[in-house]
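So for the sequence shown, this note's numbering puts the first residue at 219; every next one is plus one. Where a beta carbon is used, it is the ideal one built from N, C-alpha and C, also for glycine.
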Amino acid sequence: MTKTHKAKAKEKEEKKEKKVALSQQEYDAVIKKSAERDEYFNKFLKSCADFDNFRKRFERERIEFIKFATEEILLKIIPIVDNLNRAVCSLDGNNAKDFASIMKGVQLIQAQFHDLLSVNGVKKIETKNQMFDPRLHEAVEIVEADDLPEHTVLEEIQPGYTLNGKVIKHVFVKVSKKKTQMNTDEKDTDEHRAQKE
C-alpha cells in the first residue's frame with residue numbers, strides 16, 4: 219500500500235462513528251438542544267408555507283383588484299350614458315322640434331362628465347396665454363408670427379388632461395415661431411422677380 223492509500227484508510231477509520239462517553243446531564247442537554255432545533259426547523263417550515271400562502275393570496279387579490287378597479291368609476295358613468303341615450307332618443311324625428319331643450323339636455327350631460335372627471339382628480343390643462351411646454355403640449359402645427367414671442371401657444375386643437383398632477387393626455391396645440399431670415403429673403407427675391415416681369 220502506498221502512503222496516500224494508507225492516509226485515506228486512516229481518514230476513513232477516523233470518520234467512522236465514534237462512541238463518546240457523556241454524563242447524563244450532558245446527554246440531556248444534547249437531547250434538549252436537538253428538540254429545540256427540531257422545533258425551530260418546524261417553525262421555519264411553517265413560516266415558509268405561510269409566506270408562500272400569503273404570496274399566492276396577494277397575487278389573487280391583486281388580479282381581482284385590477285379586474286374590478288374600474289367598477290366604481292363605471293358605476294358613476296352609467297347614469298351619464300343613460301342621460302345621453304335619452305338625449306339621442308329625443309332627437310327622433312317626432313321629438314326633434316324643440317332644439318333648445320335638446321341642447322340644454324346635452325349641455326347638462328357634458329357638465330355631468332366634467333364633474334365626474336373633476337371629482338376623480340382629472341383636470342383640464344390650461345393653454346391660454348401659455349408658452350409651449352413639451353411636458354404638457356404636443357405641437358401639431360407651427361405658425362410664423364412676428365407679433366408674438368416664439369413658442370407661444372396660439373390655439374388649442376384638442377384638450378389635454380392631468381390625473382392627480384400626472385399628464386394622461388397631452389394638449390394638441392398650434393405654436394408660434396418667428397419668421398426666419400431665409401423665408402424673408404426668399405419672399406423679397408420672389409417679390410423682386412415679380413416686379414421685373
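From the options, residue whose alpha carbon lies closest to that of residue i
{"i": "K384", "options": "K342, S394, V358, K392", "result": "K342"}
{"i": "S351", "options": "Q243, V248, V389, E244", "result": "With the sequence shown as reference, residue 351 is identified as Asp, and Ser is not the correct amino acid for it. If we check each option's Cα against that of D351, V389 comes out closest."}
{"i": "E358", "options": "S252, P377, V324", "result": "Correcting the residue identity first, residue 358 is Val in this sequence and not Glu. V358 has its Cα closest to that of P377, out of S252, P377, V324."}
{"i": "G308", "options": "I295, K322, I291", "result": "Per the sequence shown, residue 308 should be read as Ser rather than Gly. Selected option, being the one with the closest Cα: K322."}
{"i": "I295", "options": "E244, F262, M349, V337", "result": "V337"}
{"i": "N347", "options": "L366, H332, R353", "result": "L366"}
Whether residue i touches residue j by CB criterion (8 angstroms)
{"i": "S416", "j": "H369", "result": "With the chain represented from 219 up to 415, any question about residue 416 goes unanswered, as that position is not in the structure."}
{"i": "E374", "j": "V361", "result": "no"}
{"i": "L335", "j": "I298", "result": "no"}
{"i": "A305", "j": "I281", "result": "no"}
{"i": "V371", "j": "T398", "result": "no"}
{"i": "Q330", "j": "N301", "result": "yes"}
{"i": "K387", "j": "D364", "result": "no"}
Buried or exposed (CB count within 10 angstroms, at least 16 for buried), residue i
{"i": "G339", "result": "exposed"}
{"i": "F259", "result": "exposed"}
{"i": "V327", "result": "The residue you asked about is not Val; residue 327 is Ile in the sequence shown. Buried is the call here."}
Bridge partners - residue i, DSSP secondary structure assignment
{"i": "Y380", "result": "According to the sequence as given, residue 380 is Thr; it is not Tyr. Per DSSP, K341, V385."}
{"i": "V361", "result": "S394"}
{"i": "V371", "result": "V393"}
{"i": "E289", "result": "DSSP, once it has assigned bridges, lists no residue as partnering E289."}
{"i": "M349", "result": "T370"}
{"i": "E356", "result": "F390"}
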